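In my numbering, the protein residues as written are 90 to 428. Heads up, the beta-carbon is just placed ideally off N, CA and C, and yes, glycines get one too. Being a predicted model, the structure only gives us computed values, none of them experimental. Report on the structure given below.
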Ligand SMILES: NC(=O)c1ccc[n+]([C@@H]2O[C@H](COP(=O)([O-])OP(=O)(O)OC[C@H]3O[C@@H](n4cnc5c(N)ncnc54)[C@H](O)[C@@H]3O)[C@@H](O)[C@H]2O)c1
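Now the structure itself:
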């Protein structure tokens, strides 16, 4: 049973990935500082898998703490690194906080992995690296555009740091996964997305509005050059996304990678507009959503959806769940959390 470190394993995507890793028989060690999550998530994971992962509460900005962790767990076979700060708006106000938390921690972990005879590393990157791509769907070869925010920049710089390190470290194998828009929750409603404060993302804002926590959803702009005028994104069910991490890890552990640094887009390949997401929610929940069209929001790109061919063909992974599945599970989760 290979032992895998999942940093940020109590967060939204991390917790779903821990479930899929445990389902595949891996032994999971989670590092999380609980800055954007709760220890209760461990109970949710246990309720689904029947196994409680090892949990080490640690702030990865603590370099000595990271060193001590790797000394204690010298038998790790792989690391999936989710831990990061992710609020785009906050990153504009507090860039150094983002560079320290998202870049500093990455460097500390890579320094430890460099010492190991062999290491496999999966990094949470984002489709934000493409900005408004010139061609849709977006392939992995699309140029990386200047980042719109310090948060986005941490993903670009993070990828460069990993690429440069892999170049001179043959013992290190890494994959950067560029997520499109993760949504939904585990169908059991034992784990899901739990934003602290006002949600930054569309789907938790929708479910919080429907449950009465927010008065109404603001739809930012209906005059974009898209069929219904609202922005288009590629919404991927978090369980599909979590499974892609297991597949990517197995690729590295089985030495099936083509080079020791690879990137993959993770999306469905299908774009959905904001109004289509609202309609999907209304359909599966039977609720009428209170929403209002307001002006465009600065920094929003018009349209982004993935070309999934590389992930489908090289990784052998494909999404199975639909937008309706995602909205149904997100609603079930919201009702459970507020119930
Ligand atoms: N959710 C998205 O829309 C999205 C899209 C693209 C990329 N990503 C990336 O995926 C990763 C996971 O995102 P998420 O949505 O699950 O976020 P999340 O906030 O739910 O999870 C991140 C977890 O990391 C922990 N953490 C943060 N800083 C830490 C530190 N210094 N030490 C230890 N733990 C720390 C937090 O407490 C949290 O549990 C992040 O790197 C994020 O940037 C997310």
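**Report entry** One or two residues paired with residue 270 in a DSSP bridge
**Finding:** For residue 270, which the question treats as bridged, DSSP gives the partners 324.
**Report entry** Residues that residue 353 bridges to, as DSSP identifies them
**Finding:** Answer is 266.
Requested in this report: Using DSSP bridges, identify the partner residues of residue 342.
Outcome: Beta-bridge partners assigned by DSSP to residue 342: none are found.
Query raised in the report: Of the residues 248, 157, 364, 243, which one's Cα is nearest the Cα of residue 309?
Result: Each of 248, 157, 364, 243 was checked against the Cα of residue 309, and the nearest Cα belongs to 364.
Query raised in the report: Counting Cβ pairs closer than 8 Å, one from the region 239-247 and one from the region 222-231, do we hit at least three?
Result: Contact fails: fewer than three Cβ-Cβ distances are below 8 Å.
**Report entry** With 16 other Cβ atoms within 10 Å as the buried cut-off, status of residue 93
**Finding:** Buried.
Query raised in the report: In three-state terms, what does DSSP make of residue 394?
Result: Of the three classes helix, strand and coil, the one that applies to residue 394 here is coil, per DSSP.
Query raised in the report: Just reading off the beta strand (DSSP E) that residue 167 is part of, what are its end residues?
Result: First-last of the beta strand (DSSP E) with residue 167: 165-170.
Query raised in the report: Considering only residues of the same chain and omitting the five flanking positions on each side of residue 135, which have a CB-CB separation below 6 Å?
Result: If we look at residue 135 and ignore the five residues flanking it on each side, its Cβ neighbours are 141.
Query raised in the report: For residue 176, which residues of its own chain have a beta-carbon under 6 Å away from its beta-carbon, when the five flanking residues on both sides are left out?
Result: So the qualifying residues of the chain are 289.
Query - Which of helix, strand or coil DSSP assigns to residue 424 - result: DSSP, reduced to helix, strand and coil, places residue 424 within a helical segment of the structure shown.
Query - Beta-carbon proximity list for residue 184, same chain, < 6 Å, skipping 5 on both sides - result: Excluding residues up to 5 positions away in sequence, 239 lie with their Cβ nearer than 6 Å to the Cβ of residue 184 in the same chain.
Report task. Using the Cα positions of residue 90 and residue 248, report the straight-line distance between them to the nearest angstrom. Result -> About 29 Å.
Query raised in the report: By Cβ distance below 6 Å, which residues in the same chain neighbour residue 201 in space, the five residues on each side in sequence not counted?
Result: Same-chain partners within the cutoff: 159.
Query raised in the report: Looking at C-alpha atoms only, which residue of 427, 215, 419, 304 is the closest neighbour of residue 379?
Result: Out of 427, 215, 419, 304, the CA that lies nearest to the CA of residue 379 is found in 304.
Requested in this report: Could you tell me the boundaries of the alpha helix (DSSP H) in which residue 134 lies?
Outcome: Boundaries of the alpha helix (DSSP H) harbouring residue 134: 130-138, taken from the DSSP string.
Query raised in the report: Quick one: what's residue 308 bridged to in DSSP?
Result: For residue 308, which the question treats as bridged, DSSP gives the partners 382.
Query raised in the report: Heavy atom of ligand 1 less than 7 Å from the Cβ of residue 175, yes or no?
Result: When distances are taken from the beta-carbon of residue 175 to the heavy atoms of ligand 1, the shortest one is below 7 Å.
Query raised in the report: Taking the continuous beta strand (DSSP E) assigned at residue 253, which residues delimit it?
Result: No beta strand (DSSP E) holds residue 253; the alpha helix (DSSP H) holding it covers 239-256.
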